[in-house]
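Visitor: Dropping the structure in here first, questions after.
Protein chains: 2
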Amino acid sequence: MAEQTERRDCAAPIGVFDSGVGGLTVAREIMRNLPNERIVYFGDTARVPYGSKSRETILRYSRQIIRFLRTEQVKAIVIACNTASALALDEVEKELDIPIIGVIKSGAHVAAASTVNKKVGVIGTESTIHSGMYDQLIRAEDPKITVYGKACPLFVPLVEEGWLKDPVTETVARRYLQELLDEGIDSLILGCTHYPLLRSLIGEIAGPDVRLVNPAYETARELERLLAKHGILNTQAKPPGNEPYKFYVSDAADKFKRFANSILPYDIETTQKINIEEY
Amino acid sequence: MAEQTERRDCAAPIGVFDSGVGGLTVAREIMRNLPNERIVYFGDTARVPYGSKSRETILRYSRQIIRFLRTEQVKAIVIACNTASALALDEVEKELDIPIIGVIKSGAHVAAASTVNKKVGVIGTESTIHSGMYDQLIRAEDPKITVYGKACPLFVPLVEEGWLKDPVTETVARRYLQELLDEGIDSLILGCTHYPLLRSLIGEIAGPDVRLVNPAYETARELERLLAKHGILNTQAKPPGNEPYKFYVSDAADKFKRFANSILPYDIETTQKINIEEY
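If you read the protein sequences in the order shown, they are chains P and U. Quick note: the first sequence uses this note's numbering, first residue 1, plus one each step. Quick note: the second sequence uses this note's numbering, first residue 1001, plus one each step.
Written out as structure tokens, the structure reads:
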């Protein structure tokens, strides 16, 4: 019986959620690094952005989304949203009997472990940088580290325009990164879920002496360790013909589909809109 | 008694509201064109953006804000937000005993009246363009007009960065406007409250044959006609020493103050944060 339960758990999907489309970069890393795992993704496109909302609101939203994801029998949950990771993870973790991780802890941990000169840069949206969420986690691991934050508000719309390799984006990126490079950082956290799509451009500008930390990738790696620890890592390849990835949104499925299809290695056909307020 | 009431009404302020900071361009036009009028501005910075929200939600928000503005004894209300103008104006107008106007009708009306070749361009946020709100109003005035819409999602963050006269902004603007210019438009509506700040740049790119329609300016002019019609236009200069403009926001007053101080001709000191959900 126990064996049967475990087998069912292994085949169950991972729940991934974000305030919008950005968390798809985290889903993509899970697809790449854990190809046996199924995913149920929820993007809260009706209530985006989370960055300007209060802790109470974000906690309420996160609980609603987790209730929805559990109707899909997920075996673990990944919070692919910086704001919800910072404001809701600790609280909802206490309420859950399945593993849950958030995107900022993994990134902060790897940056703290990898910096040699103790100078870490973080780029993100205005609200992420203003909140000091990465700063706090990194300095909790090593108070000797100085964290230099820089808000890059043009990066999200540039990514959403699809101008990933574009002279405009390059000029903007050089301007944003210059002050961090002038500080002599040796590690740079891509602290917004959209930014991994600018990874190669940012890497070229930052140069080989700056290690780029991609929280989306680090989260996928931490998820793998966590699933293994709980004995629910799926070691069996997915059966063919069975759609392994499901996508749900709270509004405007078209824009979501367009963006998803531009970054995922296959076409999303099955995005469904749900009323998240009902959960 | 009637005369006394009228005198009090004339000195009462105009209520102006928007989902955030953008509506300040409308407030600015009222300050310029109606220098005797006092203004109470409300920016719903906690619940921005409105573009992705449902009609019911926008109506509920608009009613809350109007209730708040009325506690300041406003004599008229200007909806300086494209989304709220499109979704809530007709409904709240029926419920009010003071004049109310919205930013999109004035712009649409002037564009419909001014186009000669019946080709009008509209630029705005993705949600404004996608909703077809200008399109609908313009073609209601003259069905022979063809409206060409173009979403310019980078303009708002470029304006908020303060990069108003910048090679990056110029390159982006040329790229956005080219397809409208290729269609041969002779009028172009700046269909987002941030865009008047890019007016001179857009004018240079569009050239002298394209008439720029600034809904912020047209709204201020329509407000003047409306106040005169109701006999509540203030013809007396404001007494010195009495702060004529008040600013309220629902969140993050700092960012609001920074932006306001960058576009208004004087420093805003008195921005207050209120809990709009209580109204």
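We put the beta carbon where it would ideally sit given N, CA and C, even for glycine. Here the structure is a predicted model, which means the values were calculated and not measured.
(1) To the nearest angstrom, report how far apart Lys-1273 (chain U) and Ala-228 (chain P) are at their CA atoms.
(2) For the putative contact between Ala-220 (chain P) and Glu-29 (chain P), defined by C-beta atoms under 8 Å, what is the C-beta separation to the nearest angstrom?
(3) Going along the segment 80-113 of chain P in order, which residues come within less than 8 Å of chain U, judged by CB to CB distance?
(4) Can a CB atom of chain P be found closer than 8 Å to the CB of Leu-1164 (chain U)?
(5) Can you list, in chain order, the residues of its chain whose CB lies under 6 Å from that of Ser-62 (chain P), leaving out five sequence neighbours each side?
(6) Which ranges would you report for the beta strand (DSSP E) in the segment 1162-1199 of chain U if only whole runs of at least 3 residues count?
(7) Once the 5 residues before and after Lys-1118 (chain U) are set aside, which same chain residues still bring their CB inside 8 Å of it?
(8) Do we get a CB-CB distance below 8 Å when we pair Ala-1252 (chain U) with the residues of chain P?
(9) Do we get a CB-CB distance below 8 Å when we pair Thr-45 (chain P) with the residues of chain U?
(10) Whether or not the segment 1263-1278 of chain U and the segment 1107-1125 of chain U are in contact is what I'm after, with contact meaning three or more pairs of Cβ atoms, one per stretch, closer than 8 Å; do they touch?
(11) Spatial neighbours of Arg-1038 (chain U) within its chain, please: CB distance less than 6 Å, with the 5 preceding and 5 following residues excluded, ordered by chain position.
(12) Using a Cβ-Cβ cut-off of 6 Å (strictly less than) and excluding sequence neighbours within five positions of Cys-10 (chain P), which residues of its own chain qualify?
(13) With which residues is Leu-1212 (chain U) paired in a DSSP beta bridge?
(14) Does Val-1103 (chain U) come out as helix, strand or coil in the three-state DSSP assignment?
(15) Closer than 8 Å, CB to CB, is Ser-1052 (chain U) near chain P or not?
(16) Curious, which full-length beta strand (DSSP E) runs of at least 3 residues does the segment 1201-1274 of chain U contain?
(17) Does any C-beta atom of chain U lie closer than 8 Å to the C-beta of Thr-326 (chain P)?
(18) When the cut-off is 8 Å and only beta carbons count, does Glu-1278 (chain U) lie next to chain P?
(19) Counting only beta-carbon atoms, is Thr-1171 (chain U) nearer than 8 Å to chain P?
(20) Give the single residue among P:Arg-47, P:Val-116, P:Gly-241 whose Cα lies nearest to the Cα of Asp-186 (chain P).
(21) So, does the segment 165-176 of chain P touch the segment 189-207 of chain P, judging by three or more C-beta pairs under 8 Å?
(22) Please classify Val-26 (chain P): does DSSP put it in a helix, a strand, or coil?
(23) Quick check: is any heavy atom of the ligand COA less than 7 Å from the C-beta of Arg-28 (chain P)?
(24) Could you list which residues in chain U have their beta carbon closer than 8 Å to that of Glu-161 (chain P), in chain order?
(25) In terms of alpha-carbon separation, which member of U:Val-1249, U:Tyr-1050, U:Lys-1255, U:Tyr-1279 lies closest to Ser-1127 (chain U)?
(26) In whole angstroms, what is the alpha-carbon distance linking Val-213 (chain P) and Asp-166 (chain P)?
(27) Does the Cβ-Cβ distance between Gly-124 (chain P) and Gly-15 (chain P) come in under 8 Å?
(28) Compare the C-alpha of Phe-17 (chain P) against each of P:Leu-34, P:Asp-44, P:Asn-36 and name the closest.
(29) What is the DSSP secondary structure of Tyr-61 (chain P), counted as helix, strand or coil?
(30) Between the alpha carbons of Arg-157 (chain P) and Ile-1100 (chain U), how many angstroms are there, rounded?
(31) Just checking my contact of Ala-1080 (chain U) with Val-1103 (chain U) at CB under 8 Å: how many whole Å lie between their CB atoms?
(32) Throw me the rounded Cβ distance for the Ile-268 (chain P) and Ser-250 (chain P) pair, which I believe falls under 8 Å.
(33) For Val-122 (chain P) and Val-78 (chain P), which I take to be in contact (beta-carbon distance under 8 Å), what is that distance rounded to the nearest angstrom?
(34) Distance check for Arg-1047 (chain U) and Ser-1019 (chain U), CA to CA, integer angstroms please.
(35) Taking Cβ-Cβ distances shorter than 7 Å, what residues in chain P pair up with Val-1021 (chain U)?
(36) Which same chain residues, not among the five before or five after Lys-280 (chain P), have their C-beta less than 7 Å away from its C-beta?
Guide: In terms of the structure at hand:
(1) Locating residue 1273 (chain U) in the second sequence gives position 273, counting from the first residue. Locating residue 228 (chain P) in the first sequence gives position 228, counting from the first residue. Rounded to the nearest angstrom, the two C-alpha atoms are 48 Å apart.
(2) By one-based count along the first sequence, residue 220 (chain P) stands at place 220. By one-based count along the first sequence, residue 29 (chain P) stands at place 29. Indeed they touch by this definition, with Cβ atoms about 4 Å apart.
(3) none
(4) Sequence index remark: in the second sequence, residue 1164 (chain U) carries index 164 (1-based). No, because no Cβ of chain P sits closer than 8 Å to the Cβ of Leu-1164 (chain U).
(5) Indexing the first sequence from 1 puts residue 62 (chain P) at position 62. Counting only Cβ-Cβ distances below 6 Å, and skipping sequence neighbours, we find Ala-84, Ala-88, Val-92.
(6) 1187-1190
(7) Here the question's residue 1118 (chain U) lines up with position 118 in the second sequence. Hits under 8 Å: Asp-1142, Lys-1144, Ile-1145, Thr-1146.
(8) By 1-based counting over the second sequence, the position of residue 1252 (chain U) is 252. Ala-1252 (chain U) counts as touching chain P.
(9) Stepping through the first sequence from its first residue, residue 45 (chain P) is reached at position 45. Yes, its Cβ sits closer than 8 Å to a Cβ of chain U.
(10) no
(11) For the purposes of this step, residue 1038 (chain U) is taken as the residue at position 38 of the second sequence. So the qualifying residues of the chain are Pro-1013, Pro-1244.
(12) The residue labelled residue 10 (chain P) in the question sits at position 10 within the first sequence. The beta carbon of Cys-10 (chain P) lies closer than 6 Å to those of Ile-232, Asn-234 in the same chain, with the five residues before and after it left out.
(13) The residue you call residue 1212 (chain U) lines up with position 212 of the second sequence. Note: Leu-1212 (chain U) is bridge-paired with U:Leu-1188 in the DSSP secondary-structure output.
(14) Position 103 of the second sequence, counted from the first residue, corresponds to residue 1103 (chain U). Note: Val-1103 (chain U) maps to helix in three-state DSSP.
(15) As a first step, residue 1052 (chain U) is located in the second sequence; it is residue number 52 there, counting from the start. Chain P, which has a Cβ nearer than 8 Å to the Cβ of Ser-1052 (chain U), makes this yes.
(16) Listed in chain order, they are 1211-1213, 1245-1249.
(17) Residue numbering for chain P in the displayed model covers 1 to 279; residue 326 (chain P) lies beyond these limits and cannot be assessed.
(18) In the second sequence, the residue the question calls residue 1278 (chain U) occupies position 278. So no, Glu-1278 (chain U) is outside the interface.
(19) Position 171 of the second sequence, counting from 1, holds the residue named residue 1171 (chain U). Yes - at least one Cβ of chain P is within 8 Å of the one on Thr-1171 (chain U).
(20) Indexing the first sequence from 1 puts residue 186 (chain P) at position 186. Nearest C-alpha to Asp-186 (chain P): P:Val-116.
(21) yes
(22) Counting from one through the first sequence, the residue named residue 26 (chain P) turns up at place 26. Helix.
(23) The model on display carries no ligand, and the ligand COA is accordingly not part of it.
(24) Mapped onto the first sequence, residue 161 (chain P) falls at position 161. Neighbours of Glu-161 (chain P) on chain U, chain order: Pro-1153, Leu-1154.
(25) Taking the second sequence and counting its residues from 1, the one referred to as residue 1127 (chain U) is at position 127. Minimum Cα distance to Ser-1127 (chain U) is reached at U:Tyr-1050.
(26) On the first sequence, position 213 is the one that residue 213 (chain P) refers to. On the first sequence, position 166 is the one that residue 166 (chain P) refers to. Each residue's Cα considered, the two are about 22 Å apart.
(27) Within the first sequence, residue 124 (chain P) is the residue found at index 124, counting from 1. Within the first sequence, residue 15 (chain P) is the residue found at index 15, counting from 1. No, Cβ-Cβ distance for Gly-124 (chain P) and Gly-15 (chain P) is not below 8 Å.
(28) Taking the first sequence and counting its residues from 1, one reaches residue 17 (chain P) at position 17. Taking only the C-alpha atoms, the option nearest Phe-17 (chain P) is P:Asp-44.
(29) Indexing the first sequence from 1 puts residue 61 (chain P) at position 61. Tyr-61 (chain P) falls in the helix class under three-state DSSP.
(30) By one-based count along the first sequence, residue 157 (chain P) stands at place 157. By one-based count along the second sequence, residue 1100 (chain U) stands at place 100. The sequence shown places Pro at residue 157 (chain P), not Arg. One C-alpha to the other measures close to 34 Å.
(31) Here the question's residue 1080 (chain U) lines up with position 80 in the second sequence. Here the question's residue 1103 (chain U) lines up with position 103 in the second sequence. Between Val-1103 (chain U) and Ala-1080 (chain U) the Cβ distance is about 5 Å, and since that is below 8 Å, they are a contact.
(32) Counting from one through the first sequence, the residue named residue 268 (chain P) turns up at place 268. Counting from one through the first sequence, the residue named residue 250 (chain P) turns up at place 250. In fact, because the Cβ distance is near 16 Å, the residues do not count as touching under 8 Å.
(33) Within the first sequence, the letter at position 122 stands for residue 122 (chain P). Within the first sequence, the letter at position 78 stands for residue 78 (chain P). Incorrect: roughly 20 Å between the Cβ atoms, too far for contact.
(34) Locating residue 1019 (chain U) in the second sequence gives position 19, where the first residue counts as 1. Locating residue 1047 (chain U) in the second sequence gives position 47, where the first residue counts as 1. In a straight line, the C-alpha of Ser-1019 (chain U) is about 7 Å away from that of Arg-1047 (chain U).
(35) Taking the second sequence and counting its residues from 1, one reaches residue 1021 (chain U) at position 21. Neighbours of Val-1021 (chain U) on chain P: none; closest Cβ ~12 Å, over 7 Å.
(36) Any property of residue 280 (chain P) remains undetermined from this structure, which presents chain P solely from 1 to 279.
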